[in-house]
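K.L.:
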Amino acid sequence: MPLNHLWATWRSDYVQGIERSRDEDTDFGDIADSGQTLFERILNSGLPDAETYVVRRDSECFVMLNRFPYTTGHSMVLPNRAVADLEDLTAAEQDQLWRLVRGTVVALKAGMHCDGVNVGINLGIVAGGSQVDHLHVHVVPRWQGDANFMTVAGETRVLPVSLDEAWNTIRSAWPRD
240 MPLNHLWATW RSDYVQGIER SRDEDTDFGD IADSGQTLFE RILNSGLPDA ETYVVRRDSE
300 CFVMLNRFPY TTGHSMVLPN RAVADLEDLT AAEQDQLWRL VRGTVVALKA GMHCDGVNVG
360 INLGIVAGGS QVDHLHVHVV PRWQGDANFM TVAGETRVLP VSLDEAWNTI RSAWPRD
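Below, the structure written as structure tokens:
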């Protein structure tokens with residue numbers, strides 16, 4: 240049986256940008272590289288949240304969509320400042336981080352109508368982290384039957400909802416405080 244190809248050329252920027260993402264100013268405004276992490280550059284870019292996919296900003300932490308998601312609506316919750324490890328969070332950051340994780344789960348269930356949610360953190364390179372200089376909690380919606388043959392056999396993800404649509408949906412479904 241011949242091998243089929245499903246081209247996903249939009250991922251080229253991600254594949255080529257992993258190493259340089261910590262060293263270069265990418266597409267996130269006119270911020271000179273001052274040692275900021277990728278996530279700090281996104282948060283401080285001055286670009287509209289609709290362009291950076293920042294779903295929510297609070298005093299200590301923020302929520303944004305993952306530009307290279309595992310599944311539609313894949314979100315990340317992060318402290319505003321670069322903190323690599325859980326034990327380096329202040330009490331205020333810790334409290335707000337987990338409140339925003341909860342808010343993200345509520346918004347995903349209400350807006351995306353998911354059947355379940357994976358919540359996880361990769362601390363360090365050996366744990367699977369690709370941006371280990373800035374702690375982030377992954378909040379990934381899941382649906383019954385969403386593990387189809389494309390992911391299992393084809394090692395390909397099919398994302399039926401655009402980032403723009405997911406951003407609007409999650410923001411609209413964000414719980415009232």
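Sequential numbering of the sequence shown, starting at 240, is according to our numbering.
Each residue gets a CB set at the ideal place from its N, CA and C atoms; glycine is no exception.
Predicted model, so just to flag it, every value in this text is computed and none were measured.
Put Arg295 into one of helix, strand or coil per three-state DSSP.
P.N.:
strand
K.L.:
Helix, strand or coil for Ser314 per DSSP?
P.N.:
strand
K.L.:
If you run the structure through DSSP and keep just helix, strand and coil, what is Ile407?
P.N.:
As written in the sequence, residue 407 is Asn, which differs from the Ile given in the question. In the structure shown, Asn407 sits in a helix (DSSP, three-state: H, G or I).
K.L.:
By the three-class DSSP mapping on this structure, what secondary structure does Gly367 have?
P.N.:
coil
K.L.:
What residue from Val302, His313, Glu299, Thr276 has the CA that sits closest to Pro399's CA?
P.N.:
In terms of Cα proximity to Pro399, the closest of Val302, His313, Glu299, Thr276 is His313.
K.L.:
Just verifying my parser: in three-state terms, what is the DSSP assignment at Arg381?
P.N.:
strand
K.L.:
Report all residues from its chain with a CB closer than 7 Å to the CB of Ile270; omit the five preceding and five following residues, and keep chain order.
P.N.:
Note that Ile270 scores a pLDDT of 48, beneath 50, so its modelled location is shaky and nothing firm can be said.
K.L.:
What are the start and end residues of the alpha helix (DSSP H) that includes Val340?
P.N.:
330-346 is the extent of the alpha helix (DSSP H) around Val340.
K.L.:
Taking 9 Å as the cut-off, decide whether the C-beta atoms of Gly359 and Trp382 are in contact.
P.N.:
no
K.L.:
State the Cα-Cα distance for the pair Val322 and Trp337, rounded to the nearest angstrom.
P.N.:
Computed Cα separation, rounded: 15 Å.
K.L.:
Apart from the five residues on each side of it in sequence, which residues of its chain come closer than 7 Å, Cβ to Cβ, to Thr408?
P.N.:
Gly350, Met351
K.L.:
Take Pro318 and list the residues in its own chain whose beta-carbon comes closer than 7 Å to its own, dropping the five residues that flank it on each side.
P.N.:
Glu299, Cys300, Leu328, Glu332, Leu336, Leu374
K.L.:
To the nearest angstrom, report how far apart Met315 and Phe307 are at their CA atoms.
P.N.:
11 Å
K.L.:
Which partner residues of Met351 appear in the DSSP bridge assignment?
P.N.:
BP columns for Met351 are empty, so no partner.
K.L.:
Classify Pro380: buried if its beta carbon has 16 or more other beta carbons within 10 angstroms, exposed otherwise.
P.N.:
Label assigned to Pro380: buried.
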